[in-house]
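Here the structure is laid out as structure tokens; the discussion comes afterwards.
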Amino acid sequence: MNKLHHKDFSIAFKTGTDANKSKFKKEAVQGEMYFATDSKNLYVAETTAGASDATLAQFDGGASFSNTYSVDFDGTDDYVSTGLTTLVSTWSVSAWFKPEFTGAGNYFLTGRSTQKRLGMYYSGTTYIDYYLRQSSSPFNILNVRSTDLSVLTQWNHLVWTKDNATTTVTMYLNGSQIDQDAGASSSASDFYPEVIGAINTSGTFGFKGKIDEFGWWDGTALSSSDVTAIYNSGVPDDLSSYSPTGWWRMGDDDSGAGTTITDQGSGGNDGTLTNGPTFSTDVPS
Amino acid sequence: MSRNYVIIDASEVSSVDFDQVLETSPETLRFSVDGTKTFVKFEGETPSFLEGKTANTHSEMLEILAGEEWTDPNANP
């Protein structure tokens, strides 16, 4: 036990893993402290251990949220495969993106097989169409045109939600709703993000630029207030309180190395970097 | 490190050493609209099985891929 002494008091503390605090409880003297280096929690002995273990007061530290990495797509054939295969009727997608568009074309943030895709079309000069599309008529489930090209030079946040109970699909850009269809057919807007950074595993119509903090909710349509909070004035924050099914942090849980994107959501669907996307330290901030 | 992109015939896929290119596997290759061509990319020294073939820069490859040979002009993505 380390002790810091002063004429009027002493401070005693130990460090170790959160699991090993059980040993501390068997020998602690009232007032002694234990810092768990993995969970960042601080424990203070409220009682002295004797016949019974010491009672500990817990002060949650929790690893603070930090965002260091994104994934950079070259727009030729690369993507992240999520391994998801199940269509979902109520869902949400949240993604941060920084375009590096080189000309007119379709740039998709996510999609699945030959059906649904979420992304944008850049005219090359004057406008961007944001959409939720499908491969058969009616092609556009959501589609809105914007002439604000500031999006092309900065990090941005897009969210799509589908509430099957109300057959409503909604699209948000940088915290604000930009399009909504309250009469979307159920089957036309069922979805799952099979890939991130392309239209599907063909690699065509890929996204060129960086994508970060990609969230997926199976069974939840995020509310407008949720979207505002997640946008957080342009700075990504911890999504865990929104209980995402998939949360691919794009390198932050994988030290920005390797070919696996660990899923921090409840689904455990780790992503796989396919055809050479790279990690970047350019992140929204 | 800059990347180089080399277009090959679809019939040459079996000769690709995927340890020397950034593409993951034969199943993840992107093919031309008619399916007769594909491409691989690499960084650093040219893999021996690609020697003698034309290497394109990233910007050159993006321009090629935007053409009708690689992007179906009738596609409604």
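Quick note, the sequences are listed as chains A and B, same order. To convert a position in the first sequence, counted from 1, into my numbering, add 81. Heads up: the second sequence at position 69 corresponds to 49 in my numbering, and the numbers run straight through without jumps. We put the beta carbon where it would ideally sit given N, CA and C, even for glycine. Treat the numbers as computed from the prediction; the structure is a model and nothing was measured.
- By the C-beta criterion, the segment 134 to 148 of chain A is judged not to be in contact with the segment 161 to 168 of chain A, since fewer than 3 inter-stretch pairs fall below 8 Å.
- Looking at the DSSP output, V152 (chain A) sits in a beta bridge with A:I292, A:F360.
- Counting C-beta atoms within 10 angstroms of its own C-beta, P219 (chain A) has fewer than 16 neighbours from the protein chains shown and is therefore classed as exposed.
- The Cβ neighbour count for Y115 (chain A), taken over all protein chains shown within 10 Å, is at least 16; the residue is labelled buried.
- Among the CB atoms of chain A, one or more fall inside 7 Å of the CB of P57 (chain B).
- Judged by DSSP in its simplified three-state form, I342 (chain A) adopts strand.
- DSSP places T355 (chain A) within a strand segment (E or B) once states are collapsed to three.
- Among the bridge pairs identified by DSSP, N237 (chain A) is matched with A:F178.
- The Cβ of G357 (chain A) sits closer than 7 Å to at least one Cβ of chain B.
- Within its own chain, the residues whose Cβ lies closer than 6 Å to the Cβ of I209 (chain A), once the five positions on either side in sequence are excluded, are M201, Y203, S227, listed in chain order.
- With a 10 Å radius around the Cβ and a threshold of 16 neighbouring Cβ atoms, S12 (chain B) comes out buried.
- About 4 Å separates the CB atoms of G278 (chain A) and F154 (chain A); that is less than 8 Å, so the two are in contact.
- CA-to-CA, the gap between K102 (chain A) and T118 (chain A) works out to about 11 Å.
- Contact between W297 (chain A) and P325 (chain A) holds: their C-beta atoms lie close to 6 Å from each other, under 8 Å.
- Under the 10 Å beta carbon count, T355 (chain A) is surrounded by 16 or more other beta carbons and is classified as buried.
- Following the DSSP letters along the chain, one finds T18 (chain B) inside the beta strand (DSSP E) bounded by residues 17 to 23.
- For V(-4) (chain B), the secondary structure class from DSSP, reduced to helix, strand or coil, is coil.
- Here Y253 (chain A) is bridged, per DSSP, to A:V240, A:Q258.
- Between A302 (chain A) and L239 (chain A), the C-beta spacing is not below 7 Å.
- V308 (chain A) is not bridged by DSSP to any residue.
- In the pairwise beta carbon analysis, the segment 278 to 293 of chain A is classified as touching the segment 185 to 194 of chain A: at least three pairs are separated by under 8 Å.
- In the three-state reduction of the DSSP assignment, Y323 (chain A) falls in the helix class.
- Residues Y212, L213, V250, M252, D260, D262 of the same chain have their beta carbon placed closer than 7 Å to that of L223 (chain A), with the five preceding and five following residues left out of the count.
- Residue contact check for L2 (chain B) against chain A: a CB pair falls below 7 Å.
- DSSP, read as helix, strand or coil, puts T191 (chain A) in strand.
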